[in-house]
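Asker: First residue of the sequence shown? That's 132 in my numbering, and the numbers climb one at a time after it.
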Amino acid sequence: MTLLGKDLPAIKNIKILLVDDDPVILTLMASILRKNGYQFASASDGLEAVKKLEQDDTFRIVITDINMPRMNGMELLKHILEFYPQTAVIVTTGFSREYSYMDVIKAGAIDYMTKPFDTDELLAKLHRVIREQTMVEQLEKMSISDGLTSLYNRRYFDLKIMEEIHRSSRHHYRIFLAFIDIDNFKSFNDEYGHQAGDEVLQTLGSIMLNCARRGGDWAFRYGGDEFAMLLTETSEEQALMICERINSSYKENNFGSTSLSFGLGEFHRHEELDWYKDMHLFLKKTDDAMYKAKKGGKNKIVIAD
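(1) Is the distance from the Cβ of SER380 to the Cβ of ILE338 below 7 Å?
(2) Rounded to a whole number of angstroms, what is the C-alpha to C-alpha distance between ASP277 and ARG345?
(3) Identify which residue in ASP251, SER392, GLU263, TYR422 has its Cα closest to the Cα of LEU159.
(4) Only counting the same chain, and skipping five residues up and downstream in sequence, which positions put a Cβ closer than 6 Å to that of VAL331?
(5) Is the distance from the Cβ of PHE310 to the Cβ of ASP418 below 7 Å?
(6) CB ILE434 to CB LEU395, shorter than 7 Å?
(7) What is the DSSP secondary structure of MET202, reduced to helix, strand or coil?
(8) Measure the alpha-carbon distance for LYS256 versus ARG165 and round it to whole angstroms.
(9) Report the residue from GLU368, GLY336, LYS382 whose alpha carbon sits nearest the alpha carbon of MET360.
(10) Please report the residue range of the beta strand (DSSP E) in which GLU268 lies.
(11) Kindly provide the ranges of any beta strand (DSSP E) runs that are 3 or more residues long and lie completely inside the region 143-205, ordered along the chain.
(12) Should GLY136 be labelled buried (16 or more other beta-carbon atoms within 10 Å of its own) or exposed?
(13) Note down, in chain order, each residue of its chain lying with its Cβ closer than 7 Å to the Cβ of LEU178, except the 5 sequence neighbours on either side.
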C-alpha cells in the first residue's frame with residue numbers, strides 16, 4: 132500500500148496532465164500515477180499542454196515544469212488560470228532558482244515541488260489538492276443549487292453561461308438558451324396556495340432534468356417562476372425538440388390555467404463586441420423572445436431573431 136493510497140478520494144475520476152521537457156521525468160511521474168490508479172496524459176512543453184487542454188478540458192490537475200522551450204511553466208500557469216480556473220496547477224523545478232516558492236504561489240499555483248522528488252511527496256501533494264478540490268466542490272454545490280427544485284440557481288447560471296460561451300467558441304459548436312416562464316402562476320398561487328405553487332415549480336424542475344441530455348444541457352431556476360435551459364453542442368431543431376418535450380410533459384400534469392412560454396435563442400459571436408456585451412445580447416434576445424411568446428397568447432415557443 133503506497134502512502135495515503137487508501138484515502139485518495141475517487142482517484143479513478145481524477146485526470147492529471149503532466150508537462151515536462153525531460154522524458155525521464157515524464158516517465159517517472161507516469162509510472163507513479165499509473166501504479167496509483169490515476170488517469171493521465173503527457174506533454175513535452177507548454178504549447179503542447181495548451182493543445183491537450185483544448186482537446187480535453189476535464190483535467191483536474193496539471194503538474195508542470197518551469198523551464199521548458201516554446202512556452203514555459205509560468206506562462207502555462209497564467210493561461211490555465213485564465214481559461215481553466217477550476218484546474219489546479221502544481222509547479223516543479225530543478226536546479227534553477229529563477230522563480231522562488233513565493234513567486235510560484237503568488238502566480239496562482241496550488242503547490243510547488245523541487246526535483247528530485249520521491250513517490251510519497253508527489254502522492255501526498257496530490258492527496259491534499261484532491262481533498263481541497265472535493266471540499267470546495269461540495270461547498271459550491273450547496274451554494275449553486277436551488278433548494279426547492281434541486282436545479283442550479285441564478286448565481287450558477289451567471290457563471291456557467293460565460294464558461295459555456297467560451298467553450299463553444301473554442302470548440303466551434305452551437306449553443307442555445309431557452310428561457311421558460313410559467314404563465315398565470317401568480318393567480319394559480321392565489322387560488323390554490325403556496326404549497327400547490329411549490330409543487331408546480333418542483334414538477335417543472337423535475338421535467339427539465341428528465342428532458343436534459345446528460346453532459347450537454349444545464350437546467351436552472353432563474354428566479355421566481357422563470358427557468359432557463361442551456362443547450363450545448365446541438366442544433367436549432369434539437370433545441371426546439373427539447374423545449375417541445377418539456378412543454379408536452381408539463382401539460383400532462385394539468386396545473387389549472389398555468390402553461391409555459393418559451394424564448395429560444397442561439398449565441399452568435401460578434402468580434403467587434405467584448406465577451407460580456409456579447410453575452411448580454413444573447414440573454415436579451417432570448418428574454419425578448421420569451422416575452423413575445425407571453426404577449427402573443429402564452430403557451431408557445433418563440434425563436435429569437
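Just so you know, even glycine gets a beta-carbon here, dropped at the ideal spot from N, CA and C.
Answerer: Reading off the structure:
(1) Contact flag set, yes.
(2) 19 Å
(3) ASP251
(4) PHE386
(5) The Cβ-Cβ distance between PHE310 and ASP418 falls below 7 Å.
(6) yes
(7) coil
(8) Whole-angstrom Cα-Cα distance: 16 Å.
(9) GLY336
(10) Segment 250-275 is the alpha helix (DSSP H) holding GLU268; no beta strand (DSSP E) there.
(11) 146-150, 170-174, 192-196
(12) With a pLDDT of 42 at GLY136, under the threshold of 50, the predicted position of this residue should be treated as unreliable, though the coordinate-derived value follows. Burial call: exposed.
(13) Taken in chain order, the residues that qualify are ARG201, MET202.
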